[in-house]
Amino acid sequence: MKNFLLFGLILLLALNLSSCKTTRNMKYFQDLNTDVQKGIPRQAPEYLIKTEDNLYIDIKSMNAEVSQLFSPSKSTSNSGGTQSDFGQTSSQYLNGYLVNQRGMIILPVIGEVSVIGLTEEAAQDAIQKKVGEYFKDATVKIRILTYKITILGEVKNPGVYFNYNKSITILEALGMANGTTDNASVRKLLVIRTTNTGSKSYRLDLTEKKMMTSEAFYLLPNDVLYVDPDKYKNLPLNSTLFTITLSAVTSTILVLSYLKK
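Per this note's numbering, the sequence shown starts with residue 2, numbered consecutively.
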C-alpha cells in the first residue's frame with residue numbers, strides 16, 4: 002500500500018511539473034550578455050508609401066485662406082484643432098489624403114502628386130516642391146496615419162494598435178498589448194507582412210538575441226503579430242496550483258494511512 006501511494010505521489014508530482022515551465026523558459030534573450038552586441042538590434046527600416054495609405058498633410062501659409070484651402074475642416078472658430086480632426090480613426094479617414102491605386106494623392110488646386118514608393122521625408126519634399134510652384138511661402142508637413150499593427154494570439158490585450166512614432170519593435174508591440182499570457186510560447190512568434198508581391202511571414206524566437214537582427218524585429222504598417230500558444234502553461238514551480246495539488250496528495254495519504262490503522 003505504501004509503495005502504491007508513493008508511486009501515486011511521484012506520478013502526480015511528475016504530471017504537475019510537466020505541465021509547468023520554469024522561469025528560465027519564460028525569459029527573453031537567454032543568450033544575451035553584457036558585452037556590446039554589434040549589429041543588434043538591426044537598423045530600423047524606412048517604410049515606403051503604398052497604395053491605400055492615408056496621409057496627414059499639413060500645409061501652412063501666412064495667408065490664412067491658403068491654409069484653410071488644404072484643411073477645410075479647420076476653421077478659426079474650431080477650438081479642437083488637429084486633435085479634433087485626427088484624434089479618432091474615423092476623423093483620420095475623413096481628413097487624411099488617401100494614396101490612390103496609381104500612387105497619387107490629390108491636393109486642392111494643385112492636383113495629383115505621386116508619393117508611392119517614397120519615404121515619409123521624400124514624400125514631404127515632393128509635395129513641398131509641388132506646393133511651392135503655387136504658393137511661395139507655404140510649408141508642408143506629412144505623417145503616415147495608417148501605421149497600424151494587429152496583435153493576436155497569446156497576449157493579454159489583443160487588438161489593433163496605432164503607432165505614431167517613426168518605428169516600433171516587436172518588444173514595444175508586446176508592451177502595448179500588455180505582454181504575453183501564461184499560455185504563450187516565447188519561442189514561437191509569427192509576423193505576417195503584406196508586400197507588393199504578396200504576403201511574407203517570419204518566425205521569431207524571443208529567447209535568442211539573433212531575433213533582433215531579423216527583418217521583422219521592427220514592425221511595419223499593417224503587420225500582423227501572432228503569439229503561438231504553448232502546450233505547457235507558464236507557471237512558476239511555487240505556484241498556487243502546485244501547492245494545492247501537493248496538499249491534496251498529502252492529505253489523501255494521511256487519510257488512507259489512518260483508515261489502514
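For each residue, glycine too, the CB sits at the ideal point set by N, CA and C.
In chain order, what residues of the same chain lie with their CB nearer than 6 Å to the CB of residue i, ignoring the 5 residues before and after it?
i                 : result
serine 115        : Gly104, Met105
proline 159       : Ile152, Leu153
lysine 131        : Ile111, Val114
alanine 185       : Glu155, Val228
phenylalanine 163 : Lys149
arginine 194      : Lys201, Asp224
I'd like to know if residue i contacts chain C, where contact means its C-beta is closer than 7 Å to some C-beta of that chain.
i          : result
leucine 95 : The chain labelled as chain C is not found in the depicted structure, where only one protein chain is given.
Who are the near neighbours of residue i in its chain, counting only those whose CB is closer than 7 Å to its CB and skipping five residues on each side?
i              : result
isoleucine 143 : Leu56, Tyr57, Ile58, Glu121, Ala124, Gln125, Ile128
proline 109    : Leu70, Phe71
glutamate 47   : Thr120
serine 168     : Ala45, Tyr219
Does the beta-carbon of residue i have 16 or more other beta-carbons within 10 angstroms, so that it is buried, or is it exposed?
i              : result
methionine 212 : buried
alanine 65     : exposed
glutamate 155  : buried
leucine 221    : buried
asparagine 96  : buried
aspartate 224  : buried
tyrosine 1     : Residue 1 cannot be examined here, being either before or after the span of the chain that is shown, 2 to 262.
threonine 214  : exposed
tyrosine 98    : buried
valine 192     : buried
aspartate 138  : exposed
valine 161     : exposed
tyrosine 219   : buried
Name the one or two DSSP bridge partners that residue i has.
i             : result
asparagine 55 : Leu99
alanine 185   : Pro230
leucine 220   : Ile169
isoleucine 60 : Val141
valine 225    : Thr151, Ile193
Please return the same chain residues whose Cβ sits closer than 8 Å to the Cβ of residue i, not counting the five positions on each side in sequence.
i          : result
valine 100 : Ile50, Lys51, Thr52, Glu53, Asp54, Asn55, Leu56, Ile106, Val116, Ile117
serine 80  : In this prediction, serine 80 has a pLDDT of 46, which is less than 50 and means its spatial position is unreliable; what the coordinates show is noted afterwards. Cβ neighbours of serine 80 beyond the five flanking positions: none.
lysine 157 : Ala178, Asn179, Gly180, Thr181, Thr182
lysine 189 : Arg204, Asp206, Val228, Asp229, Asp231
Let me check you understand the geometry: is the CB of residue i closer than 6 Å to at least one non-hydrogen atom of the ligand PLP?
i         : result
serine 68 : This structure lacks the ligand PLP; in fact it carries no ligand of any kind.
Problem set entry | beta strand (DSSP E) runs contained entirely in the stretch 92–170, provided each spans 3 or more residues | Listed in chain order, the complete beta strand (DSSP E) runs (minimum 3 residues) inside the stretch 92–170 are 105–108, 112–115, 140–145, 149–154, 160–163.
Problem set entry | Sequence ranges, beta strand (DSSP E) only - wholly within the stretch 189–218, length at least 3 | Entirely contained in the stretch 189–218, the beta strand (DSSP E) runs reaching 3 residues are, in chain order, 199–205.
For this session: Could you say if the stretch 194–201 and the stretch 163–179 meet the contact criterion of at least three C-beta pairs nearer than 8 Å?
Result: Put simply, the stretch 194–201 does not touch the stretch 163–179. Fewer than three CB pairs are less than 8 Å apart.
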